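Following full-length UniProt numbering, the numbering of the sequence shown begins with 1 at its first residue and continues without gaps.
The C-beta atom is built at its ideal place from N, Cα and C for all residues, glycine as well.
Every value quoted in this text rests on a predicted model; they were computed, and no experiment measured them.
Take a look at the structure below.
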Amino acid sequence: MAASRIPVDAQESNTITDGDSDYEDLPSPYTEGDDIDDAAGGNCNPHIFSQVHDTPMGFKDPSISVLIPSCPVHVKIVDIERSPTTHMLNPNLYVLQLKHGPYEWTVKKRYKHFQHLHQQLSLFKTGLAIPLPTKRHKARRKSCRKNERRRLPRFPKRPDALLQNDKISHRAQQLEEYLQNILRIPLYRNHHETMDFLEVCPLTFVSGLGSKRKEGLIQKRSGGHRTGGCFRIKRGFIDWCGRWRWRWLLVKDNFVAYVKPEDGRVRSVLLMDQGFKVECGFVNTGIHHGLQISNLSRHLLVRCWTRRKAREWSEALMDTAKTTARDFTQPNRYEAFSPVRNSSECRWFIDGATYFEAIADALERAKEEIFIADWWLSPELYMKRPVIQGEVWRLDHILKRKAQQGVKVFVLLYKEVELALGINSFYSKQQLVSMHPNIKVLRHPDHVQNGTLLWAHHEKIVCVDQTYAFVGGIDLCYGRWDDDQHKLADLGGVGKKMSQGSLAGDLKALNLPGSPKLRRSHSMSEVPSELGVNSQSLSSLYSTEDTTKGSSKVVFSKIHNNIEINVESATPSSSQIITPSPNEDKEEVKTVELEYPTSHLRAVDNDECARKKYTSRKLKTKMVMQAVVRLQGLKKQAHNKSLDSLNANYDSLDLPDADMRRTNSEMALNELGLQGSPKMWIGKDYINFIIKDFEHLHKPYQDLIDRHTTARMPWHDIGSFVQGAAARDVARHFIQRWNFTKFEKAKYYDRYPWLLPKSYEGCDNVLRSVSTWSAGMKTMEHSIHNAYLDVIRNAKHYIYIENQFFISQAAGHRDVFNGIGEALFQRIVEAHKNKESFRVYVVMPLLPAFEGEIGTGTGTAIQAITHWNYASMCRGADSLYQRLILEVGDPNAYITFFGLRKYGFLNEKIVTELIYVHSKLLIADDRTVIIGSANINDRSLLGYRDSEMCMVYEDVDFEPTIMNGKPYQAGHFACSLRRTLFREHLGLLDKNSQSIDVRDPVSGSFYKDVWIKTAALNTSIYEKVFRCIPSDEVHDFCELKDYLSKPSMSTTDPESAIKLLSGIKGHLVLMPFFFLCNENLTPSAGTKESLMPVCLWT
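Below is the structure:
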């Protein structure tokens, strides 16, 4: 028989007419706290989110705080469902509507549930030792004695089965009043039995976790996670041997979690995703009153008290999945795990200098949580440079400082195969966890346990408070910090600016001895950094601390129009970055060149005046502090540092002001009139990956290569910042990976907690490459690949790509499966058939950054990657260029490939080095941008190999510009990024050159006459001056050997070389398509690289 409903008559009299014998009073245990008045609003702000990381307490702990203090709970019985045939003793099911602060929910209870609560509270009252009342309590009792009986909880003793039908509505009012009176008394209100009755727990009223939804005590069976191995066999074993345990299950806006009541710890979290479903009943679950909750990572089998309870759970879960969690349970664009987020605040970063500084500022503002996921992380990384504040902005010190303030720091690191990589993630973990207990670090995967040897976690994520997120291709590690200048040398020393003039004129005074050309060598020994003033931070020289134990002497002299300051330090400052060498002679005078503003030069015309003016340490300290104060003022005016408006000052599509591209530390030095010192790349951060790979990372301040003879390899990269809902999506990905790693490696280690995603209370799209091994999902996600294909196919005017690799061949290739090359081919052929002006720019590294020398036994890895890059670009029938030649004739009219190169001066010698392009960027039509960690290869794009994360940014704000010579509406975000990149590569950042217009990337006047022409000119000059590789003049290994044996102009005729180099514009060079074109660059038989599968390289 179906249940019937009896409406509750709100107009019925509230007067109780039954005799006292029909009630059982629950005495009020008066305490020092006043009763909670329903009429008083109180402070109804939810518990702060950081409470989820507090030390958990069991549900029966009397000190646990569940309800919001001083906030009343309003109760009303709004409906009654009758089932007299199926529930003869308790036929009435009362529907209670509750309101507590901003939270509203309903629960369904029978008379027996009220009765059980009354009995438990009566036992609790009996066990209390109530102290003698104070005089104040006596007065208060006397004043409220008239209303005491009415306000006492009075429980109706007559069971529902003995009630007549016309008394049911009245019974509802009795129970409602009983419950309201209980909730006015603090001791009863906070009792764990009351919490069970109200179906609430410590996570219910936490700010950020969303609304109050279904909760309650259930039994769950162990197992159900998706890991390696045969799932059917594991499930069959669990079906026979699985144990049932009592857990508190709660449903929030976009996830399900369960808690162990005995200790209050979260034991598992199920994120609602596109595989989320709920099955109910014996047929689907195999047990009576069963409920199976599934997502892409797990099956959770639950046993409820009754069939009604199981049905209520099923309805509550499905309702949540279709409403607040629909963003994740419904299909999304590109088959991504998250939907498109509209009107998000975002910002781009070119190179690591400003990116690291923005991350440092964001970390400093963290209040609750910090999430970091990296392929490699260096704890001793300096986030702001030059280092003028000691170790304040060193990454591990920032994290330690925030951990000491109560912020929880969670770090996920890729656990490398130690024989193949020297990034030493174990050292990074040990360094971080030793800083503070609030810093938690997990490494993944365990290669032997799950058999993952070839793939890596490649994401680069920093997320603060699940509100601000940084996503891109830049790891927080050595070698990534760089700026648009891409300097090759870093010997330290602060020097006076050279006078303005021609490059050749400025450098004629340099002594350029005809030293032999520097050759790359993989056997370079470690060179310890020499301590001196050159190796110290400015904070060491200008320390604000009292230094009574040491003294400094400053000696001035003039040399070649530069001002040298010789500093002798008796006792090194405690804030020095590099420890003094034990063999250093303390009496030895070290020299450092300091640059002063022009306005100060007259004041130091002679040595005596200079000595008197600048010897004072207080004066130097004052100068620094004043510079910092002025810097802060300028920075506030030029750029709002609030994370809520990081992009606010990039309203113009033109290049931002030069100060906006400089870091705070650089501006501080500029305020002092200083330039160049201290070292920008300290210790291991000064690196050239081709010459020597990393080792001995536990010695961070020991140089890896000799910086006096070897140029560093500059690093070009792209990062992005986003806030709001998209940042929540980034955090959700991190949480999914963290929880999966915890389950695999630290399930029973309580110091590694389960993480909970915040709710979404509020145009870009978060994309991933993940699968079973990386995120515990039964299906793989390759939304990054889908997005690349979609953007390429729908591009109307141009595509600009910067990427570390370009490995993508024709459809149907047996070794390479991603479709990027095929999509580019089809789009270019379509443009040719339609006679459209369509351009594709591809910027990538000239050589892979692997240690070794091409043409020798150490260069096998470099050659293997080079082979697949060239096989995708221009060599072989499946390459993009060869296929386009057959279809369009001249591919250069549509697509061109470029690299970046830089020259500089190292110890008065001219040197050059390629700029390593590590970006993972695509810009289309000045409207769409993809930034992330994914390379153009199968490892990053297929989903089941490396794990990756990218952001798709689509502009919603447009400004007028031109495209192919016609008026065009360009997106603000995409256009400003593309123009700044073009200016950097063409050398226009610091020049007021209005003659070169970078607005139109499609027009022939720019594409051919500026972009390609500049790259060709630069390439020709570099080959003439340096005879550098790769080069189109070298077709095989014999020619390579002969090519390198001949001296270059940079060593034989440096003055002529300097004149030629003055013609270099920017960094852009052509990709040499004919380099080693007559050689087979795949690993030869007998090498260790030949034993590796092809998929390792692709």
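Under the three-state reduction of DSSP, residue 924 is assigned to strand. With fewer than 16 other CB atoms across the displayed protein chains lying within 10 angstroms of its CB, residue 1085 is exposed. Look at residue 47 here: in three-state DSSP terms it is strand. Counting only the Cα atoms, residue 184 lies some 47 angstroms from residue 331. Here the C-alpha atom of residue 397 lies approximately 14 angstroms from the C-alpha atom of residue 406. Residue state for residue 948 is assigned as strand, using DSSP reduced to three classes. The beta carbon of residue 774 lies closer than 6 angstroms to those of 947 in the same chain, with the five residues before and after it left out. For residue 873, the secondary structure class from DSSP, reduced to helix, strand or coil, is helix.
Around the Cβ of residue 484, a 10 Å sphere holds 16 or more other Cβ atoms; the residue is buried.
The C-alpha of residue 476 lies about 32 angstroms from the C-alpha of residue 809.
Between the stretch 841–852 and the stretch 791–801 there are three or more C-beta pairs closer than 8 angstroms, enough to call the two in contact. Secondary structure note for residue 327: its alpha helix (DSSP H) is the uninterrupted segment 326–329. For residue 316, the CB contacts under 8 angstroms within the same chain, skipping 5 residues up- and downstream, are 213, 214, 251 in chain order. Comparing C-alpha distances from residue 105 to each of 918, 75, 836, 887 shows the shortest one belongs to 75. Rounded to the nearest angstrom, the Cβ distance from residue 193 to residue 117 is 6 angstroms, consistent with a contact under 8 angstroms. For a cut-off of 8 angstroms, the C-beta gap from residue 900 to residue 923 is around 17 angstroms, too long to register as a contact.
Rounded to whole angstroms, residue 67 and residue 100 show a C-alpha spacing of 8 angstroms. The beta strand (DSSP E) runs of length 3 or more contained entirely in the stretch 301–350 are, from start to end of the chain, 346–350.
In the DSSP secondary-structure assignment, residue 486 is not bridged to any residue. In the DSSP annotation of this structure, the continuous segment of the alpha helix (DSSP H) that includes residue 283 starts and ends at 282–285. Residue state for residue 277 is assigned as strand, using DSSP reduced to three classes. Taking C-beta separations shorter than 6 angstroms and ignoring five residues to either side along the sequence, the partners of residue 57 in its chain run 64, 264, following chain order.
Looking only at 781, 69, 249, the smallest Cα-Cα distance to residue 274 is reached by 781.
Bounds of the beta strand (DSSP E) holding residue 963 are 958–963.
For residue 306, the CB contacts under 8 angstroms within the same chain, skipping 5 residues up- and downstream, are 289 in chain order. Residue pairing for residue 155: DSSP places it in a beta bridge opposite 24. One Cα belongs to residue 957, the other to residue 697, and the distance between them is close to 46 angstroms. Out of 963, 717, 790, the CA that lies nearest to the CA of residue 836 is found in 963.
Between the C-alpha atoms of residue 51 and residue 690 there is a straight-line separation of about 48 angstroms.
Here DSSP, grouped into helix, strand and coil, assigns residue 784 to helix. In the displayed model, residue 213 falls within coil according to three-state DSSP, outside both helix and strand. Burial check for residue 794: the Cβ neighbour count within 10 Å stays below 16, so the residue is exposed.
The bridge partners DSSP lists for residue 257 are 250, 269.
Secondary structure of residue 1004 (DSSP, three-state): helix. Taking a 10 Å sphere around the C-beta of residue 119, we find fewer than 16 other C-beta atoms and assign the residue as exposed.
Boundaries for residue 203: no beta strand (DSSP E) harbours it, and the DSSP string shows neither H nor E there.
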